[in-house]
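2 protein chains.
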Amino acid sequence: MKKELGAKNLLCPVPVTLVGAHVNGRPNFITIAFVGVLDYSHVSVASGKNHYTNAGIKENGTFSVNIPATRQVKETDYCGIVSGKKADKSAVFETFYGKLESAPMIAECPLNMACRLVQTLDMPRHDVFIGEIVETYCDEEVLADGGVDFEKVDPILFIIYGSDYWRFGKAFARGWSVGKDLMK
Amino acid sequence: MKKELGAKNLLCPVPVTLVGAHVNGRPNFITIAFVGVLDYSHVSVASGKNHYTNAGIKENGTFSVNIPATRQVKETDYCGIVSGKKADKSAVFETFYGKLESAPMIAECPLNMACRLVQTLDMPRHDVFIGEIVETYCDEEVLADGGVDFEKVDPILFIIYGSDYWRFGKAFARGWSVGKDLMK
Chain A
1 MKKELGAKNL
11 LCPVPVTLVG
21 AHVNGRPNFI
31 TIAFVGVLDY
41 SHVSVASGKN
51 HYTNAGIKEN
61 GTFSVNIPAT
71 RQVKETDYCG
81 IVSGKKADKS
91 AVFETFYGKL
101 ESAPMIAECP
111 LNMACRLVQT
121 LDMPRHDVFI
131 GEIVETYCDE
141 EVLADGGVDF
151 EKVDPILFII
161 YGSDYWRFGK
171 AFARGWSVGK
181 DLMK
Chain B
185 MKKELGAKNL
195 LCPVPVTLVG
205 AHVNGRPNFI
215 TIAFVGVLDY
225 SHVSVASGKN
235 HYTNAGIKEN
245 GTFSVNIPAT
255 RQVKETDYCG
265 IVSGKKADKS
275 AVFETFYGKL
285 ESAPMIAECP
295 LNMACRLVQT
305 LDMPRHDVFI
315 GEIVETYCDE
325 EVLADGGVDF
335 EKVDPILFII
345 YGSDYWRFGK
355 AFARGWSVGK
365 DLMK
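Chains A and B, in that order, give the protein sequences. Last residue of the first sequence: number 184 in my numbering, and the count goes up by one each step with no gaps. Last residue of the second sequence: number 368 in my numbering, and the count goes up by one each step with no gaps.
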């Protein structure tokens with residue numbers, strides 16, 4: 001039996017990210033889980049219009065998407081609680097730069113993507129920043145067989161309307177394979 | 185030590201969805217993991233330009249996003265392997281309709297969102313469909329304390345560039361809480 005919940009976005013779980021940008025000339029990081037995969041080289045990041053970060057992304061046309069590990073959950077949560085308007089978050093993490101000089105990235109996060117802003121969607125309460133990934137950086141410790149091992153990345157997941165952080169689970173089936181049983 | 189991987193989209197894990205649409209007047213379902221949360225009522229779904237589904241979404245201006253459970257992994261994988269051009273996928277699942285008459289939804293999936301197409305982003309190899317969620321449907325069995333219990337939903341997760349399907353994990357920390365330790 002189906003129940004109507006209203007127009008609720010339950011496209012979950014989503015990975016929790018830390019979005020980096022220069023704001024007023026200083027690195028700032030904000031916790032964002034309203035994110036999306038547009039294709040192999042483009043991401044979307046939605047930030048409430050009242051957030052301190054947005055002006056910096058618009059001004060510089062660059063930002064970073066950092067994937068924190070569960071061991072960084074305190075720092076990750078902190079960057080979502082405290083606004084850059086009130087606190088200098090530039091020292092919460094060790095910052096590094098890659099190919100984009102105004103896209104600060106977080107050394108402690110196992111994965112980092114430096115992005116160039118290519119479009120901004122104007123939603124009622126959010127700016128949705130569409131970024132072209134210019135370069136992806138990762139810790140050598142999370143590589144295995146030439147690819148990234150997400151069990152080693154140990155990302156933090158989130159459920160919209162929820163208030164918990166969740167762990168990633170285990171692989172249980174092969175794609176482009178397990179469904180072949182249904183082919184006639 | 186950071187390693188450069190090229191411009192790789194590693195915004196992972198993402199939830200695996202089944203996107204429903206009417207194509208040539210018949211329900212069709214395609215497996216899509218290139219998805220995103222834009223805000224509390226908008227989603228993005230990116231479908232390769234050569235896919236059978238795209239014309240139907242453009243023609244009707246509607247689609248559905250269904251969240252399959254791990255027990256539907258065979259059917260989910262099948263809908264990603266086999267094109268609607270070659271096979272009638274309308275009978276893979278039991279179909280139902282909600283507020284949008286051309287947005288077929290999957291009864292077996294614990295969560296379903298009926299969406300109205302509001303914008304299409306033209307990426308090099310994908311159409312990115314932006315949908316406004318009109319109504320969300322869920323199985324009563326996955327409700328708890330008035331909200332949706334994602335351990336009961338038991339969604340399927342995916343890693344871009346990978347080929348495995350993954351399980352969701354366990355809650356391990358509270359949001360807007362665990363980071364307070366770092367506030368001075």
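Ideal Cβ positions, reconstructed from N, Cα and C, are used throughout, including at glycine.
- At the C-beta level, aspartate 348 (chain B) and alanine 171 (chain A) come within 7 Å of one another.
- If you draw a 10 Å sphere on the C-beta of tryptophan 350 (chain B), you find 16 or more other C-beta atoms in it, and that means buried.
- The criterion of a C-beta distance shorter than 7 Å is not satisfied by alanine 103 (chain A) and threonine 53 (chain A).
- Alanine 21 (chain A): member of the beta strand (DSSP E) spanning 17-23, first to last residue.
- Any Cβ of chain B closer than 7 Å to the Cβ of threonine 95 (chain A) would place that residue at the interface, and such an atom is absent.
- Per DSSP, glutamate 151 (chain A) is one residue of the alpha helix (DSSP H) stretching across 150-153.
- The beta carbon of leucine 38 (chain A) sits closer than 7 Å to those of Ser44, Ile130, all from its chain and outside the five residues before and after it, given in chain order.
- Leucine 327 (chain B) places its beta carbon 7 Å or farther from that of cysteine 138 (chain A).
- Separation of the CB atoms of leucine 366 (chain B) and glutamate 75 (chain A) is rounded to 7 Å, and the pair is thereby assigned contact status at 8 Å.
- Not flagged as an interface residue toward chain A: glycine 268 (chain B), since no C-beta distance is shorter than 7 Å.
- With the criterion set as a beta carbon lying under 8 Å from some beta carbon of chain A, the members of the segment 188-222 of chain B are Glu188, Leu189, Gly190, Ala191, Lys192, Asn193, Leu194, Leu195, Cys196, Pro197, Val198, Pro199, Thr201, Ala217, Phe218, Val219, Gly220, Val221, Leu222, in sequence order.
- The alpha-carbon of alanine 291 (chain B) is positioned some 6 Å away from that of threonine 279 (chain B).
- For glutamate 243 (chain B), the uninterrupted alpha helix (DSSP H) segment begins and ends at 237-244.
- For alanine 33 (chain A), the number of other beta carbons within 10 angstroms of its own is at least 16, and it is reported as buried.
- Taking C-beta atoms as the reference points, valine 92 (chain A) and valine 257 (chain B) fail to come closer than 7 Å.
- Closest in C-alpha terms to glycine 268 (chain B), from the list B:Leu295, B:Thr304, B:Gly240, comes B:Gly240.
- Residue range 164-174 is occupied by the beta strand (DSSP E) that includes tyrosine 165 (chain A).
- The beta carbon of histidine 51 (chain A) does not come within 7 Å of any beta carbon belonging to chain B, so the residue lies off that interface.
- Uninterrupted beta strand (DSSP E) stretches at least 3 residues long and entirely within the segment 22-46 of chain A occur at 26-32, 35-39, given in chain order.
- Annotation note: the segment 93-148 of chain A contains the following uninterrupted beta strand (DSSP E) runs of length 3 or greater, listed N- to C-terminal: 111-122, 126-139.
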